[in-house]
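Remarks on the structure that follows.
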């Protein structure tokens, strides 16, 4: 019965979102004609666009909206999901609807004659203002609906309805942890009915939840009582013992859950995946590939390509300057050094050469003058740096060739700086995690002190970046990089 209710609820939710998507296009049209143009952009032409220009979209966009929302899990049971997960699905679905709207408007405009013949009435040019406003209105509508729906479900559960009875199977600290988590989330609507003790050592109750039997009597209990879900909380040694009971519950058609808190973790994010039909739990030190990361990687390459074109004349001048100040015109202009990228993969990092030839061979002689703690070598007045090279480093212009590394996918615009293999060999274990994300041209510590910071602070700030990565954080670092480069702050 509960599954039937969930199915009906999901379909009603889809119908509602279909109507909201259609309404949002109409509201966006009204806002464009009667608010934005008259009061904010009075010089825009035409001042008024008829809604008939958008009729073709109103029959298609709602279907696409529902498809996008479903793809992002919006219609799955929200019982144990936080509201932020719902907001993320709504934001992505609204954005993808906007992209689809722009693509469809271009198609309709280019094929007006055939559209009229088929009954899809679309204007010569769909208003771009409407297409910009539509996803914003859609996002607001969906978030308001989701909030009220959440409040409605909470009120139902407070009134004793829409609850799911849960039978817990397990013992020990893991079981108590699950009980504590469920009790701390009353919105989930789980009613803890009892505990099946898988060891025979528990008392009559576990944290006030009655022990209603053991493994031998579990199936009899399920037959005699209404149980919506069974949650198995195995220890590492009891997993094999629970397997036959798990399979019997599956045969009986009872919904089951299995907690997998086998290893204590402080950093990694567990993600359920599969190898074909084999369930796999992945513990990832960074975010899994998602829409935001895909956008980051796409933006990196597009931006690198554009910046290489913009700075090409500057790079030609710099190349001539490096060559002109070298002992021979045959000396290399660029310096390629092996660095370690994502997960320790070696690649060749490129810079304008700022040191004299053979500088790497002189490093051992200068080691005693190192001003940095840890495996990194830095001194303020490095005698190996050429006069032109000192200017290049002061302005960070020696880093420009790394745009090529970004363009070919070895680096990102923002990310932990790629280390040399010799440095990584001296890393402590916790410092190796900085290799779990694609390296970048600029990073968090480079815009917050740069070479004036100690090595351990570099490492901690790189891990802080990895743990808190977002597109907004990348944008902040890029904007701050412009200031740091312009002022030369922290450069050696």
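Residue numbers (my numbering): 1047 to 1538.
Note that beta-carbon positions come from the ideal geometry of N, C-alpha and C, so glycine has one too.
Where does residue 1244 land, buried or exposed, given buried means 16+ other C-beta within 10 angstroms? buried
Leaving out five residues before and five after residue 1280 in sequence, what residues of the same chain have Cβ atoms less than 6 Å from its Cβ? 1288
Backbone CA spacing between residue 1528 and residue 1342 [nearest angstrom]: 19 Å
Is the separation between the beta-carbon of residue 1365 and that of residue 1355 shorter than 7 Å? no
Nearest to residue 1255 (by Cα), restricted to the options 1214, 1174 and 1315: 1214
Cβ pair residue 1184, residue 1068 closer than 7 Å: no
Look at residue 1485 and residue 1457 and say whether their C-beta atoms are less than 7 Å apart. yes
Compute the minimum distance between the beta carbon of residue 1435 and the heavy atoms of the ligand ZN, and state whether it is under 6 Å. With respect to the ligand ZN, the structure shown offers nothing to examine, as it has no ligands at all.
Alpha carbon to alpha carbon, how far is residue 1496 from residue 1137? Give it in angstroms, no decimals. 35 Å
Reference residue 1121, options 1134, 1057, 1519 and 1088, closest by Cα: 1057
Tell me residue 1328's beta-bridge partners as DSSP assigns them. 1317
Does the separation of the CB atoms of residue 1147 and residue 1107 fall below 7 Å? yes
So residue 1490 and residue 1511 are in contact, right, with Cβ under 8 Å, and what is the actual spacing, rounded? 4 Å
Of the listed residues 1370, 1362, 1132 and 1273, nearest to residue 1192 (C-alpha basis): 1132
Inter-residue spacing [alpha-carbon to alpha-carbon] between residue 1476 and residue 1438: 33 Å
Do the segment 1270 to 1279 and the segment 1292 to 1309 touch if we need at least three Cβ pairs shorter than 8 Å? yes
Are there 16 or more other CB atoms within 10 angstroms of the CB of residue 1462, so buried, or fewer, so exposed? buried
Taking the continuous beta strand (DSSP E) assigned at residue 1357, which residues delimit it? Looking at the DSSP string, residue 1357 is not in any beta strand (DSSP E), and its letter there is neither H nor E.
By alpha-carbon positions, which one of 1060, 1065, 1361 and 1412 ends up nearest to residue 1105? 1065
Go to residue 1260, then tell me how far its beta strand (DSSP E) extends in each direction, as first and last residue. 1255 to 1260
Kindly indicate which residue of 1397, 1296 and 1111 has the alpha-carbon position closest to the one of residue 1141. 1111
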